[in-house]
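So for the sequence shown, numbering that gives the first Met the number 0 puts the first residue at 0; every next one is plus one.
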Amino acid sequence: MLLRKKLIAGNWKMNRTSADAVQLVKDIVVVSGKEHNVDIVVCPPFTALESVARLLEGSVIKLGAQNMHPEASGAYTGEIAADMLRALFASYVILGHSERRSYFKETNAFINQKVLAALKSQLKPILCVGETLQERETRATLKIVQAQLEQGLQGVSREIATNVVIAYEPVWAIGTGKVATTAQAQEVHAFIRSLLATLFGDTVAQKIRILYGGSMKPANASELLAQRDIDGGLIGGASLEARSFLDLIQAAAAVK
Ligand code: PEP
Numbered sequence: 000m001l002l003r004k005k006l007i008a009g010n011w012k013m014n015r016t017s018a019d020a021v022q023l024v025k026d027i028v029v030v031s032g033k034e035h036n037v038d039i040v041v042c043p044p045f046t047a048l049e050s051v052a053r054l055l056e057g058s059v060i061k062l063g064a065q066n067m068h069p070e071a072s073g074a075y076t077g078e079i080a081a082d083m084l085r086a087l088f089a090s091y092v093i094l095g096h097s098e099r100r101s102y103f104k105e106t107n108a109f110i111n112q113k114v115l116a117a118l119k120s121q122l123k124p125i126l127c128v129g130e131t132l133q134e135r136e137t138r139a140t141l142k143i144v145q146a147q148l149e150q151g152l153q154g155v156s157r158e159i160a161t162n163v164v165i166a167y168e169p170v171w172a173i174g175t176g177k178v179a180t181t182a183q184a185q186e187v188h189a190f191i192r193s194l195l196a197t198l199f200g201d202t203v204a205q206k207i208r209i210l211y212g213g214s215m216k217p218a219n220a221s222e223l224l225a226q227r228d229i230d231g232g233l234i235g236g237a238s239l240e241a242r243s244f245l246d247l248i249q250a251a252a253a254v255k
């Protein structure tokens, strides 16, 4: 019996209109809408959340958003608050994705505010951490991941920490086709789990899911998902086609 249920989350990024999203989700729901061995989350763009939410009704698949603002409301043109996502039946939100960190200059402190606001609104944050190629080459991976994790989770209490999901996403592997080796990924996942144990105690750390993200595809997923501390995947490119996303769900379901 696995201690942690595998989780496969699709990050569609800035892809699919509301109408295109409907077709993609229909195909996913038909095949995996009753899959109980894996938690499944789809994270469409904001504009497709409502249409996707309607299709997910009655299925086990959960809805996630790709970002949010930490404030509850106010003069933040173009932004979306946690309760607005909850009102559309979102249960997860991706926070601190490397594209937000690099293109939108999001800092660990700002991401931390979002993590706390998400939890306050009963949204489960998927907190992304990961090093750039240069950081890996200069052996700074663990130091960077530690800072992102500790600062990102500041103020999160042990009681609600199991609602957090961590995604380890080496930046050099995102959308590049270069996947981390199982040894590289497992090393960082085990390190993250040890940090979580220091923050929240071992029992809680054993319950928190740590996803791998970065060019995960049906061809490389089984080996990654079989690693002791890899509890699922945050999937970009391969979540945009029903067939490959469904194959990833199958790969997760097959792990014993
Ligand atoms: C991502 O952006 O979260 C991601 C993992 O992308 P890809 O699977 O395309 O590398």
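Positions of the beta carbon are idealized from the N, C-alpha and C atoms, including for glycine.
How about residue i: is its Cβ closer than 6 Å to a heavy atom in the ligand PEP?
i    : result
I234 : yes
N111 : no
N14  : no
S243 : no
I173 : yes
G151 : no
G63  : no
S17  : no
G176 : no
G32  : no
So which of the options has the shortest CA-CA distance to residue i?
i    : options                  : result
G236 : T76, L94, A251 and K216  : K216
D246 : L194, E136 and I7        : I7
W171 : A52, R135, V144 and P69  : R135
T181 : S214, L195, Q150 and P43 : S214
I60  : L194, E222, E186 and H35 : H35
F190 : I229, L84, K12 and A250  : I229
E158 : Y102, G9, L198 and N14   : L198
T16  : L48, V30, V41 and G9     : L48
K123 : D82, Y102, E168 and E130 : D82
P44  : G32, E78 and K142        : E78
A52  : G154, V144 and K25       : K25
N219 : L54, S193, V203 and A251 : A251
G154 : T137, K119 and A166      : K119
F88  : V254, A179 and L54       : L54
Distance, Cα to Cα, residue i vs residue j?
i    : j    : result
A241 : G212 : 18 Å
L94  : K113 : 7 Å
H188 : A80  : 30 Å
L126 : L152 : 9 Å
T175 : L239 : 16 Å
A64  : L23  : 16 Å
T46  : I248 : 25 Å
V128 : A146 : 9 Å
Y75  : A20  : 27 Å
I110 : I39  : 24 Å
E149 : A225 : 26 Å
A86  : L233 : 24 Å
I207 : A160 : 7 Å
A177 : A139 : For clarity, residue 177 is Lys in the given sequence; the question names Ala instead. In a straight line, the C-alpha of K177 is about 19 Å away from that of A139.
A18  : S90  : 22 Å
Along the chain, where does the beta strand (DSSP E) containing residue i start, and where does it finish?
i    : result
Q126 : Looking at the sequence shown, residue 126 is not Gln but Leu. First-last of the beta strand (DSSP E) with L126: K123 to V128.
G235 : That residue, G235, is in no beta strand (DSSP E); it is neither H nor E in DSSP.
Taking 6 Å as the cut-off, is the CB of residue i close to at least one heavy atom of the ligand SAH?
i   : result
N10 : Looking at this structure, you won't find the ligand SAH anywhere; what it does contain is the ligand PEP.
Which stretch, first to last residue, makes up the alpha helix (DSSP H) that contains residue i?
i    : result
Y102 : S97 to Y102
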